[in-house]
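Novice: Have a look at this one before I ask anything.
2 protein chains.
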Amino acid sequence: MAATIKDIARVAGVSTATVSRVINNLGGYNEETEKKVMAVAKALGYRKNENARSLVQKSTNTIGVIMPDVTTAFYGDIIKGIEDTSYEHGYSVILTHAGSHGSRIHESMNLMGERRVDGLIIVSVELHETAIEALTSLGIPFILLSTKTNREDTPYIKVDDYSAAYTAVKYLIDNNHRSIGMAGANPDDSIAGSPRINGYTQALLDHGIKVDLNLIKPGGFSFESGKTAMQAFIEDEASITAVFCASDEVALGIMSTCFENEISVPNDISVVGYDNSKVSHMSIPPLTTVAQPLYEMGREGCLEVIAAIQNKCKIESKVIPHELVVRKSVKKLT
Amino acid sequence: MAATIKDIARVAGVSTATVSRVINNLGGYNEETEKKVMAVAKALGYRKNENARSLVQKSTNTIGVIMPDVTTAFYGDIIKGIEDTSYEHGYSVILTHAGSHGSRIHESMNLMGERRVDGLIIVSVELHETAIEALTSLGIPFILLSTKTNREDTPYIKVDDYSAAYTAVKYLIDNNHRSIGMAGANPDDSIAGSPRINGYTQALLDHGIKVDLNLIKPGGFSFESGKTAMQAFIEDEASITAVFCASDEVALGIMSTCFENEISVPNDISVVGYDNSKVSHMSIPPLTTVAQPLYEMGREGCLEVIAAIQNKCKIESKVIPHELVVRKSVKKLT
DNA sequence: TTGTATGCGTTATCAG
DNA sequence: CTGATAACGCATACAA
């Protein structure tokens, strides 16, 4: 049994109120009692019970984080931003997976509610109407990272996927590529799928290039998805000179299959990724990619939530700028 | 203000005791009151307060996880194993970073203590005497993952780094490599550094190969560390035909620098990694590496901790088997 | 400067 | 089957 303030009070011969005061150094007691209480506390190995505190203070100093997964570099960077920031501000983070397709999202939010987290950060999960209801009914500040909803009252931080995709494809076009494939986006994903596809097609159209639907290989953001897409391009005998990928891992999948088939990147085919996650500079060749400031998104989102908790102010949605990081996976055609 | 069982009791015209009973369906009440209580609970949007529960039950159903970082695939896989498992068993996970060199380890453990986590999992941080004291004084079940101490009373799950390294280097020797470099291990790291170096040197010695200290490039487990090491090999004009790396990321760093210098892997130089993390099959060429069952370590460790929480049994240390995953980064010399 | 008393939301032990 | 009531560990308004 861990010691409580009662134990300290008894041993030190003071009241629990006094103990509480010196433990939280609120001042208003003389030095002697302070010394005595602190000494007893140390002797007894006292450690405050945050849960009991939370109960009376009606605040847990805890931030909940819900994300689909943590095994990709993408999420790793974000959670690091969140954890670092919350730590700096005296908050703990409690983490839960939403399941692969947000399947556990309701249970996750419920759990966060029962734990009475002070704020909530939801990363990359697409929220449907019932989930949004449940979320807002929690009555705590929250923010969405790298995702959004079609409602006004759900603040988010994300890049503009449409224009980020547009930037990437335009870069390819500027390098004289005319036959450009796209891989790894799910058209049914209205947050991060279709906007990227639309950015891709619009860039093509704006430069007088006909869109060939066969050149769009839908899929998930995974490495395997990239491999599959490239295999399809090969089977199609598609005459593409470049591929725009919906994630860095997809890009690596493309490059991996190219390698297996002795197709050289970027000599035979150019590749552009998306995310600028840690893997992008580790690939061979290093990957040219659209950067999302992942760590900063985590940090920024966490900061916003904390501010909202403390000042009870509203959180504004924010579209953050993307940036093209040019490395070595794109060849300039002549 | 969230509704409490008091509110429900008042509205439903029963006592809080009864409400509590039906909420936790403990039985011993008639159907009518159950229906009534449930209806009121739903109407009021009641959500139980886990903190209050924890207080009286003296158990938080929470597991703490401390790791140096979450941005590498290595930790991602482990935490996923932990989170999945704890979720299945009704536990929440609260996560904190220990800081780069375990610098925040004391604060982290203290935080976990104050949160009254029921069990603790510490991943990959080297624990010194004072930290061990603090850890055991928490008085809760804990386990170390991928690390250990020199004391008997600190259970762990890890692979045998020495023999894993030995296996990797022996594989290289079996493929007729005789001049083998090593990169990315820190000799001052007695857990994951020196054992791997020792495994490397012993494999060499056992096969009549002289150990050349110039061929051992110490460093961290990072990509950059691998790049630096390979640059050093090049500057040394070392006549190596293979490099054993202390992590997959180091291996990718080696391969990256090779690429920049037009050294072909595996034709000019063979590379073996360590971890079998997600990046190892995404590299070009796919990386031959020593596999640690990361997800399973997370799962297994979590299971042990939960068992210890519930049955108050001791946790046994466990050395789990490693395995060489052969892919395409090693060339068989003739 | 210090102590008393009360309550936070819940469970659990009694009686009834 | 149900209801008082006392904890749980702590903070705090109010008294002294």
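Here the protein sequences come in this chain order: R and E.
Residues in the first sequence are numbered from 1 upward in steps of one, following the working numbering.
Residues in the second sequence are numbered from 1001 upward in steps of one, following the working numbering.
The beta-carbon is built from N, C-alpha and C at its ideal position, and this holds for glycine as well.
For residue 158 of chain R, count the other beta carbons within 10 Å of its own beta carbon; 16 or more makes it buried, fewer makes it exposed. Which is it?
Specialist: As a first step, residue 158 of chain R is located in the first sequence; it is residue number 158 there, counting from the start. Classification for residue 158 of chain R: buried.
Novice: What in chain E is Cβ-close to residue 42 of chain R, meaning under 9 Å?
Specialist: In the first sequence, residue 42 of chain R corresponds to position 42, counting from 1. The contacting residues do not exist; residue 42 of chain R stays about 12 Å from chain E at best.
Novice: May I ask whether a heavy atom of the ligand NAP can be found less than 8 Å away from the beta carbon of residue 326 of chain R?
Specialist: The ligand NAP is not part of the structure shown, which contains no ligands of any sort.
Novice: Closer than 9 Å, CB to CB, is residue 1285 of chain E near chain R or not?
Specialist: As a position in the second sequence, residue 1285 of chain E is number 285, starting the count at 1. With 9 Å as the cut-off, residue 1285 of chain E counts as an interface residue toward chain R.
Novice: Are the C-beta atoms of residue 329 of chain R and some chain E residue less than 9 Å apart?
Specialist: Walking along the first sequence from the start, residue 329 of chain R turns up at place 329. With 9 Å as the cut-off, residue 329 of chain R does not count as an interface residue toward chain E.
Novice: Which same chain residues end up closer than 7 Å to residue 422 of chain R when comparing Cβ atoms and leaving out the 5 residues on each side of it in sequence?
Specialist: A question about residue 422 of chain R goes unanswered here, because the residues of chain R that appear run from 1 up to 334.
Novice: Please list the segments of the beta strand (DSSP E) lying wholly inside the segment 120-150 of chain R, counting only runs of 3 or more residues, in order along the chain.
Specialist: 142-145
Novice: Does the Cβ-Cβ distance between residue 1265 of chain E and residue 1226 of chain E come in under 9 Å?
Specialist: In the second sequence, counting from the first residue as 1, residue 1265 of chain E sits at position 265. In the second sequence, counting from the first residue as 1, residue 1226 of chain E sits at position 226. Cβ distance not < 9 Å, so residue 1265 of chain E and residue 1226 of chain E don't count as in contact.
Novice: Please classify residue 1208 of chain E: is it buried, with 16 or more other beta-carbons within 10 angstroms of its beta-carbon, or exposed?
Specialist: By 1-based counting over the second sequence, the position of residue 1208 of chain E is 208. With fewer than 16 other Cβ atoms within 10 Å, it is exposed.
Novice: Could you tell me if residue 1056 of chain E is buried or exposed, where buried requires 16 or more neighbouring beta carbons within 10 angstroms of its beta carbon?
Specialist: For the purposes of this step, residue 1056 of chain E is taken as the residue at position 56 of the second sequence. Residue 1056 of chain E should be labelled exposed.
Novice: With a Cβ-Cβ cutoff of 9 Å, do residue 1290 of chain E and residue 1319 of chain E count as a contact?
Specialist: Indexing the second sequence from 1 puts residue 1290 of chain E at position 290. Indexing the second sequence from 1 puts residue 1319 of chain E at position 319. No; because the gap between Cβ atoms is not below 9 Å, this pair is not in contact.
Novice: Determine the DSSP secondary structure at residue 1023 of chain E, reduced to helix, strand or coil.
Specialist: Counting from 1 along the second sequence, the entry for residue 1023 of chain E is found at position 23. Residue state, collapsed to three classes: helix.
Novice: Give a yes or no on whether 9 Å exceeds the smallest Cβ distance from residue 1007 of chain E to chain R.
Specialist: As a first step, residue 1007 of chain E must be located in the second sequence, where it is residue number 7. No, no contact with chain R.
Novice: Using a Cβ cut-off of 7 Å, pull out every chain R residue sitting near residue 1079 of chain E, in sequence order please.
Specialist: Locating residue 1079 of chain E in the second sequence gives position 79, where the first residue counts as 1. Those are 70, listed as they occur along chain R.
Novice: Compare the C-beta of residue 84 of chain R against all C-beta atoms of chain E and say whether one is closer than 9 Å.
Specialist: Taking the first residue of the first sequence as position 1, residue 84 of chain R is located at position 84. It does; some Cβ of chain E falls within 9 Å.
Novice: Since residue 217 of chain R sits in a beta bridge, which residues does DSSP pair it with?
Specialist: Your numbering for residue 217 of chain R matches position 217 in the first sequence. Looking at the DSSP assignment, residue 217 of chain R forms a beta bridge with R:183.
Novice: Look at the Cβ atom of residue 335 of chain R, then the Cβ atom of residue 73 of chain R, and state whether they are nearer than 9 Å.
Specialist: Given a span of 1 to 334 for chain R in the structure shown, any question on residue 335 of chain R remains unanswerable.
Novice: So which residues on chain E does residue 183 of chain R lean against when the C-beta distance must stay under 9 Å?
Specialist: Translated into the one-based positions of the first sequence, residue 183 of chain R becomes position 183. Those within 9 Å of residue 183 of chain R in chain E number zero; the least Cβ separation is about 15 Å.
Novice: Using C-beta distances below 6 Å, list every residue in its chain close to residue 1247 of chain E, excluding the 5 sequence neighbours before and after it, in chain order.
Specialist: Residue mapping note: residue 1247 of chain E aligns to position 247 of the second sequence, counting from 1. Cβ within range, chain order: 1184, 1221, 1274, 1275.
Novice: If we call anything under 9 Å between Cβ atoms a contact, is residue 1126 of chain E one with residue 1102 of chain E?
Specialist: Counted from its first residue, the second sequence places residue 1126 of chain E at position 126. Counted from its first residue, the second sequence places residue 1102 of chain E at position 102. Yes.
Novice: Around the C-beta of residue 195 of chain R, are 16 or more other C-beta atoms found within 10 angstroms, so that it is buried, or is it exposed?
Specialist: By 1-based counting over the first sequence, the position of residue 195 of chain R is 195. It counts as buried.
Novice: DSSP three-state call for residue 62 of chain R: helix, strand or coil?
Specialist: Here residue 62 of chain R refers to the residue found at position 62 when the first sequence is read from its first residue. Note: residue 62 of chain R maps to strand in three-state DSSP.
Novice: What do you get for residue 1193 of chain E, buried or exposed, if any count of 16 or more other CB atoms within 10 angstroms of its CB means buried?
Specialist: Position 193 of the second sequence holds residue 1193 of chain E. The residue is buried, with at least 16 neighbouring Cβ atoms inside 10 Å.
Novice: The beta strand (DSSP E) spanning residue 273 of chain R covers which residue range?
Specialist: If you number the first sequence from 1, residue 273 of chain R lands on position 273. Run containing residue 273 of chain R: 270-275, per the beta strand (DSSP E) assignment.
Novice: Measure from the alpha carbon of residue 335 of chain R to the alpha carbon of each residue in R:78, R:175, R:36, then state which is nearest.
Specialist: Absent from the structure is residue 335 of chain R, since the part of chain R shown begins at 1 and ends at 334.
Novice: What residue range is occupied by the uninterrupted beta strand (DSSP E) comprising residue 1156 of chain E?
Specialist: For the purposes of this step, residue 1156 of chain E is taken as the residue at position 156 of the second sequence. That run of the beta strand (DSSP E) goes 1156-1159.
Novice: For residue 1097 of chain E and residue 1080 of chain E, I'd like the C-alpha separation in whole angstroms.
Specialist: Position 97 of the second sequence, counted from the first residue, corresponds to residue 1097 of chain E. Position 80 of the second sequence, counted from the first residue, corresponds to residue 1080 of chain E. Going from the Cα of residue 1097 of chain E to the Cα of residue 1080 of chain E covers about 15 Å.
Novice: Answer yes or no: do residue 1297 of chain E and residue 1145 of chain E have a C-beta to C-beta separation smaller than 9 Å?
Specialist: Counted from its first residue, the second sequence places residue 1297 of chain E at position 297. Counted from its first residue, the second sequence places residue 1145 of chain E at position 145. For residue 1297 of chain E and residue 1145 of chain E, yes; Cβs fall inside 9 Å.
Novice: Assign residue 365 of chain R to buried or exposed, taking buried as 16 or more other Cβ atoms, counted over all protein chains shown, within 10 Å of its Cβ.
Specialist: Because chain R here runs from 1 to 334, residue 365 of chain R falls outside it and cannot be looked at.
Novice: Just checking my contact of residue 1309 of chain E with residue 1119 of chain E at CB under 8 Å: how many whole Å lie between their CB atoms?
Specialist: The residue given as residue 1309 of chain E occupies position 309 in the second sequence. The residue given as residue 1119 of chain E occupies position 119 in the second sequence. About 5 Å; that satisfies the 8 Å criterion.
Novice: Could you name the residues of the segment 83-113 of chain R whose beta carbon sits closer than 8 Å to any beta carbon of chain E, in the order they occur along the chain?
Specialist: 83, 84, 87, 92, 93, 94, 95, 96, 97, 104, 110, 111, 113
Novice: Based on DSSP bridge pairs, tell me the residues matched to residue 1035 of chain E.
Specialist: Counting from one through the second sequence, the residue named residue 1035 of chain E turns up at place 35. Paired residues: none, contrary to the question.
Novice: So which of E:1256, E:1271, E:1285 has the shortest CA-CA distance to residue 282 of chain R?
Specialist: Counting from 1 along the first sequence, the entry for residue 282 of chain R is found at position 282. Closest option to residue 282 of chain R, Cα to Cα, is E:1256.
Novice: Between residue 1095 of chain E and the rest of its own chain, which residues show a CB-CB distance below 6 Å, the 5 nearest in sequence each way excluded?
Specialist: Taking the first residue of the second sequence as position 1, residue 1095 of chain E is located at position 95. So the list reads 1065, once near-sequence residues are dropped.
Novice: Classify residue 148 of chain R: buried if its beta carbon has 16 or more other beta carbons within 10 angstroms, exposed otherwise.
Specialist: For the purposes of this step, residue 148 of chain R is taken as the residue at position 148 of the first sequence. Here residue 148 of chain R is buried. Its C-beta has 16 or more other C-beta atoms within 10 Å.
Novice: Applying the criterion that 16 or more other CB atoms from any shown protein chain within 10 Å of the CB defines a buried residue, is residue 128 of chain R buried or exposed?
Specialist: One-based indexing of the first sequence puts residue 128 of chain R at position 128. Exposed: under 16 other Cβ atoms inside 10 Å.
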